[in-house]
Every structure is written in C-alpha cells, then in structure tokens.
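Accompanying notes for the structure given below.
In our numbering, the protein residues as written are 163 to 361.
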C-alpha cells in the first residue's frame, strides 16, 4: 500500500505524551499542524529490537526538533502498557521517559489503515515522513527482526526541505550541505562528472 504523495491518514486515539500525561483524544493532524512529522510503527512494548529503536529516536530528538519535526510512535499496545514501559528503567529492558508521544493502536485500526498490520496482530517496523502540508513524502517498512537507522529520517527531511527551497533534486546518499543537482539532462551530467566516484 503506497501512501507517498497522498494525504496522511488522520486518527484520534489514546496516547502517552512526551511529558508522561495520558490522554484519550490524541489527534495526529492537530498535533502536527503545520509541522513535519515522523510517524513510526513498531511491533510491541517490552520486546527486543523495539527498545533500541525507541531509545535511539529519543536520543536524537533534538535533531528532529531543530528541523521542526514531531516524532510519534505507534504500536498495538494499550496506553497503560506504554506508560509502564516508559517507567521501566533502560537497564531493565524499558525505554525510560522518551521525549515524544506514544500512540495506542489497541484496536489495530491505525496500523491497518496505514497498511502495516502484520498477520492481523502487530505492526511491522514502518516509518512515514509527513510534510507540513500533511502529505506523506516517504514510507519504508522493515521486517520484524530488522532495526531502523534513525539518522535516515533526518536525512529524508533535509532532502525534502532542500528540494522545496532550492528546486534541486537530491542524489543517492545526499546529506545536508552536500551538492544536489538540477533535474535535467545537463544537471545529472554535470553532477556525475564531478561526483560519480563518490556514489
């Protein structure tokens, strides 16, 4: 199911906010209004690969914040499970007080709507980058054993913003501050003439 170039699917659901407050009416579109967002799905609280990803997102939250990006995690666990996992110390398999919202998809409707529900039970490791117009600009899905590289999502946001600001397209492996190129035959020829060996 491809959502890229389409409007993100809105939802209102229980969640645990970044300050630990439990709410029953977290609304995605209201929370991210006029901001970029990284919406990521993970299988379950209190599992194995998941805490490494959630802690990595939290450790890098300033990288997202300075880009105006909200981070939201989603799993099929209850709001109470999210709360308990946040209160479990990292050295006991918890995630600590992560600095972003964790959404409860206990009815599995959000995972199903986004096309990432696996075996009608848990979400795959899916990530959606949503722009400030609420349009999905990137999506990726990992199988259950495969953890994500969190830095890739700040790179994607940088690339989207570079394209919007300068009209240039971003080649393979592009990072902020590196040369991009014009979307033309001349542009790609010029870029490859200078940088093909670095690809």
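In this text, a Cβ means the ideal position worked out from N, Cα and C, and glycines have one as well. Note that the structure is predicted; figures quoted are calculated from it, not measured.
- For residue 304, no alpha helix (DSSP H) run applies; the uninterrupted beta strand (DSSP E) run containing it begins and ends at 298-304, by DSSP.
- Taking a 10 Å sphere around the C-beta of residue 232, we find 16 or more other C-beta atoms and assign the residue as buried.
- Straight through space, the alpha carbons of residue 209 and residue 287 are spaced by roughly 13 Å.
- If only uninterrupted beta strand (DSSP E) runs of at least 3 residues are considered, those enclosed by the stretch 184-222 are 184-189, 198-203.
- Here the alpha carbons of residue 251 and residue 324 stand approximately 39 Å from one another.
- Between residue 245 and residue 184 a beta carbon distance of about 6 Å is seen, short of the 8 Å cut, so the two are scored as contacting.
- Contact check for residue 335 and residue 354: beta-carbon distance about 13 Å, past the 8 Å limit, so the pair fails to qualify.
- Counting along the chain, residue 232 sits inside no alpha helix (DSSP H); it lies in the beta strand (DSSP E) bounded by residues 231-237.
- The closest CA to that of residue 307, considering only 165, 170, 214, is found on 214.
- The stretch 252-268 and the stretch 215-229 touch, with no fewer than 3 CB-CB distances between them shorter than 8 Å.
- Residue burial annotation: residue 182 is exposed, with fewer than 16 other C-beta atoms found within 10 angstroms of its C-beta.
- As summarised for the stretch 248-317, the continuous beta strand (DSSP E) elements at least 3 residues long and confined to that stretch are 263-266, 287-292, 298-304, given in chain order.
- CA-CA distance, residue 204 to residue 348, rounds to 42 Å.
- Shortest Cα-Cα distance from residue 321 to any of 309, 303, 343 involves 343.
- In terms of Cα proximity to residue 193, the closest of 168, 359, 346, 292 is 292.
- The C-alpha of residue 331 is placed about 24 Å away from the C-alpha of residue 201.
- As the crow flies, the alpha-carbon of residue 186 is around 18 Å from that of residue 171.
- Going by beta carbons, residue 165 and residue 301 fall inside the 8 Å limit.
- Taking 8 Å as the cut-off, the beta carbon of residue 262 is found closer than this to the beta carbon of residue 234.
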